[in-house]
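One structure below.
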Amino acid sequence: MKSKLIIILCLIGILTPITKTVASEEIILKKEVGEYNYSVQKKDNNYVWDISYKNSNSTLKETDENRLYLERFRDSLNKLGQQKLKLCASIIYTILLLLFSIIILVWKRLKIPKWFLLPISILLIISIYSVLQTTSDLYVIQEDIDFIYQRLIQ
Numbered sequence: 307m308k309s310k311l312i313i314i315l316c317l318i319g320i321l322t323p324i325t326k327t328v329a330s331e332e333i334i335l336k337k338e339v340g341e342y343n344y345s346v347q348k349k350d351n352n353y354v355w356d357i358s359y360k361n362s363n364s365t366l367k368e369t370d371e372n373r374l375y376l377e378r379f380r381d382s383l384n385k386l387g388q389q390k391l392k393l394c395a396s397i398i399y400t401i402l403l404l405l406f407s408i409i410i411l412v413w414k415r416l417k418i419p420k421w422f423l424l425p426i427s428i429l430l431i432i433s434i435y436s437v438l439q440t441t442s443d444l445y446v447i448q449e450d451i452d453f454i455y456q457r458l459i460q
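Everything in the sequence shown is counted per the working numbering, starting at 307 for the first residue and increasing by one.
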């Protein structure tokens, strides 16, 4: 009997905060990437978006006309954050490969054969390509975000 009471109390404790969050008018989503950010609130069964770039703030009520642009803005900001993380990882990987290559070439005490540089060179080329590709993707996403933001604030 006591174990059932403990289970019921635990379930009530778990479900209580969820019902408070759903019933309140708090921020549903919030994201900040670089100089862009947005937050989504639900007020009176409508979604209200606060989007900003640098010092320019706009508050938009989600309608059928702007829903697609708001979703694209949100998705593009998420992609921008992912691409920035991917760029950092690619740069770190490239630097590590460069350091490893230099260590193999410079230190004579290491008995690592020179042919071992061939796979490292291939990996280095791939990592440099990844850095360039990610940089290009960042530029495209940034242009997309700029375009969507301008469309939304009109």
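Using N, Cα and C, we set each Cβ at its ideal position, and we do this for glycine too.
Check	Outcome
Closest residue to residue 446 among 371, 395 and 382 (Cα-Cα distance)	382
Cβ contact (3+ pairs, closer than 8 Å) linking the segment 385 to 397 and the segment 436 to 446	yes
Cβ-based burial, residue 431 [other Cβ within 10 Å; buried from 16]	exposed
Check whether residue 423 and residue 407 have beta carbons under 8 Å apart	yes
Reduced DSSP secondary structure (H/G/I, E/B, other) of residue 429	helix
Whole-Å CB distance - residue 386 paired with residue 451, under 8 Å assumed	6 Å
C-beta contact flag for residue 437 and residue 396 at 8 Å	yes
First through last residue of the beta strand (DSSP E) which encompasses residue 347	342 to 349
Unbroken beta strand (DSSP E) run spanning residue 365, endpoints	362 to 367
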